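*Asks:*
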Amino acid sequence: MMSNFALAVFDANLINNLISYVIRGILPILALVVIIWSVIRISNRKSAKDSANDQTQKFLNEDRLANETRMREIEDNQYYFPNLDILPIQEYSGNMADSLIATRQKDVIKLSEKKMMNLGSSVSNIELKKMFGATQLEQIAQYEENFSKYMHGLRFWSEALIKEGRTEEAIIILEESVAAKSQISASYTLLAEIYFNAADSEKLDELRKTVESRDFPGRKIALDYIGKHVGKLVE
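Quick note: the sequence shown uses this note's numbering, first residue 80, plus one each step.
This is the structure we're talking about:
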């Protein structure tokens, strides 16, 4: 009979042989998996790189064609013309002449004298070049900036009026901003606050629908703010 020691050695050798056999069987499979994974990874990288190169080339081609567009005259209906007649402009004298309200009003009047355009934030530079020609891109950017400054001017004026309790005048200014398709979220949130304080759920809901139909950088902020106020009125 084999001694216990001999049996232990035999079992150890058997186990080692089994382990070696398993390893020899698994290693080729692991190697194959690693090779396949590497090929797939390289292929995906190449596809992503090719896709990025295609997109870059497409952009460069479109930009080149846009740069070749001849200058086109800007039509009158493409400008934004402020309607000062409907704004609550007043003559201020004495102590009120230097008040914040008077200052904000003067700013708006001065800004209204500049040429303005509101083409929307979704229009790219390539699209602008195609519409008006590359040589007018800088000028159009200035017109859009003038519009933005004018909208901010209306906002600051309305805030000054609200602080003095002159909400009816502020409503006129803010509603004009909304009608002009302001891209400033405060134009909508300030008006929403007034409607909410007046418990005017109908106008508040109309304002919400107006914001939903538009696309501008502060759209989500305005929608969230108006939505919360609509919910409070419903409660």
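Don't be surprised by glycine CBs; every beta carbon is placed ideally from N, CA and C.
As the structure is a prediction and not an experimental result, all values here were calculated from the model.
In whole angstroms, give me the CA-to-CA distance for Asn225 and Leu198.
*Replies:* Rounded to the nearest angstrom, the two C-alpha atoms are 12 Å apart.
*Asks:* Take Pro296 and list the residues in its own chain whose beta-carbon comes closer than 7 Å to its own, dropping the five residues that flank it on each side.
*Replies:* Here the set comprises Ser200 and Gln262.
*Asks:* Note the first and the last residue of the continuous alpha helix (DSSP H) segment covering Ser264.
*Replies:* Unbroken alpha helix (DSSP H) run through Ser264: Ser264 to Asn276.
*Asks:* Grouping DSSP H, G and I as helix and E and B as strand, with all else coil, what is Arg294?
*Replies:* The question names Arg, but residue 294 is Asp in the sequence shown. Note: Asp294 maps to coil in three-state DSSP.
*Asks:* Suppose the cutoff is 6 Å on Cβ atoms and the five residues either side in sequence are ignored; what does the same chain contact list for Arg151 look like?
*Replies:* Once the five neighbours on either side are set aside, the close Cβ partners of Arg151 are Phe211 and Gly212.
*Asks:* Using CA coordinates, which residue listed in Arg234, Trp236 and Met196 is at the minimum distance from Glu217?
*Replies:* The candidate whose alpha carbon is nearest that of Glu217 is Met196.
*Asks:* Assign Gly232 to one of two classes, buried (16 or more other C-beta atoms within 10 Å of its C-beta) or exposed (fewer than that).
*Replies:* It is buried - the Cβ of Gly232 has at least 16 other Cβ atoms within 10 Å.
*Asks:* Between Ser237 and the rest of its own chain, which residues show a CB-CB distance below 7 Å, the 5 nearest in sequence each way excluded?
*Replies:* Only Ala249, Ile252, Leu253 and Leu269 meet the Cβ criterion.
*Asks:* Give a yes or no on whether the C-beta atoms belonging to Leu166 and Ala239 are separated by under 7 Å.
*Replies:* Cβ distance not < 7 Å, so Leu166 and Ala239 don't count as in contact.
*Asks:* Using CA atoms only, rank isn't needed, just tell me which of Val202, Val187 and Val290 is closest to Ile257.
*Replies:* Note on residue identity: the sequence assigns Val, not Ile, to residue 257. Here the closest residue by C-alpha is Val290.
*Asks:* Please report the Cβ distance between Leu286 and Ala271, rounded to the nearest whole angstrom; I am assuming they are in contact, meaning their Cβ atoms lie under 8 Å.
*Replies:* Their Cβ separation, rounded to whole angstroms, is 6 Å, which keeps Leu286 and Ala271 in contact under 8 Å.
*Asks:* Go to Arg234, then tell me how far its alpha helix (DSSP H) extends in each direction, as first and last residue.
*Replies:* From DSSP, the alpha helix (DSSP H) with Arg234 extends over Leu216 to Lys242.
*Asks:* Taking the beta carbon of Lys208 as the centre, do at least 16 other beta carbons fall within 10 Å, making it buried, or is it exposed?
*Replies:* With 16 or more Cβ atoms within 10 Å of its Cβ, Lys208 is classed as buried.
*Asks:* Just checking my contact of Glu255 with Asn162 at CB under 8 Å: how many whole Å lie between their CB atoms?
*Replies:* Yes, they are in contact, since the Cβ atoms of Glu255 and Asn162 sit about 7 Å apart, within 8 Å.
*Asks:* Leu163 lies in the alpha helix (DSSP H); which residues open and close that run?
*Replies:* Where Leu163 is concerned, there is no enclosing alpha helix (DSSP H), given that its DSSP letter is neither H nor E.
*Asks:* What separation, rounded to the nearest whole angstrom, lies between the Cα atoms of Arg245 and Ile188?
*Replies:* Spanning the two alpha carbons is a distance of roughly 19 Å.
*Asks:* Give the secondary structure of Asn245 by DSSP, where H, G and I count as helix, E and B as strand, and everything else as coil.
*Replies:* With the sequence shown as reference, residue 245 is identified as Arg, and Asn is not the correct amino acid for it. Coil at Arg245, not helix or strand.
*Asks:* Per DSSP, what kind of secondary structure is Met195 in: helix, strand or coil?
*Replies:* In this structure, Met195 counts as coil in the three-state DSSP scheme.
*Asks:* Taking DSSP as the reference, what is the three-state secondary structure of Ile119?
*Replies:* It is helical.
*Asks:* Compare the Cα-Cα distances from Tyr274 to each of His308, Lys299, Ala181 and Glu206 and report the closest residue.
*Replies:* Among His308, Lys299, Ala181 and Glu206, the Cα nearest to that of Tyr274 is on His308.
*Asks:* Which of the three DSSP states is assigned to Asp279 in this structure?
*Replies:* Asp279: coil per DSSP, three-state reduction.
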